Structure formats: structure tokens, C-alpha cells
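Under the UniProt record's numbering, the very last position in the sequence shown is 78; numbers go up by exactly one each time.
Just so it is clear, CB atoms sit at the ideal spot from N, CA and C, and this is done for glycine as well.
The model shown is predicted, which means the values in this text are computed figures rather than measured ones.
What follows is a short report on a single structure.
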Amino acid sequence: MNLTSNIFSPDKNDLNWPILTLSILVLTGTLGNLLVCISISLDKQLQTVTNWFLFSLAIADCLVSFVVLPLSIIKDFQ
């Protein structure tokens with residue numbers, strides 16, 4: 001049994017922690033931005049021009065964290 005040939009190859013279990021960490025960041029980013037959008041759209045006192053600008057930024061950030069980041073994770077860890 002030759003154990004020296006696999007000494008520097010990454011173990012498949014070592015790849016799970018970065019994927020898990022990045023997946024948690026994607027979920028918290030998406031949910032946090034959705035909460036911002038829901039709170040601005042439901043509360044009449046929050047519907048100011050500045051907050052509508054923040055609403056549009058939250059929508060853009062939500063799309064990035066929901067669409068782009070998972071595809072990037074898949075591409076990086078294949």
C-alpha cells in the first residue's frame with residue numbers, strides 16, 4: 001500500500017467547510033436584504049426617498065447574493 005502518493009491531495013471532507021460557510025453567508029445575505037425590502041414596503045413611516053434608494057440597493061444585493069454567489073461557489077469547488 002503506497003501512502004505517499006496521496007499525501008498532498010486534498011481530502012474531500014476538507015472542502016465541505018468553505019462551502020458550508022459560504023452557503024450560510026448566501027442565506028443570511030438573501031434573508032437580510034429581503035427583510036429590509038419587506039420592512040420598507042410595509043411600514044409607511046419608512047417610505048421616504050432615501051429608504052426607497054436603500055430598497056433598490058437591497059434588491060440588487062439580494063439578486064447578487066441569490067444568483068451570482070451560488071454559481072460562483074459551484075464554479076470554484078468543482
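Query	Result
Helix, strand or coil at residue 48 according to DSSP, with G and I counted as helix	coil
Beta carbon of residue 62 nearer than 8 Å to that of residue 28	no
Selected residue, minimal CA-CA separation from residue 65, among 17, 20, 32, 16	32
Minimum C-alpha distance to residue 54 - residue among 36, 20, 44	36
Local conformation of residue 76 per DSSP, three classes	helix
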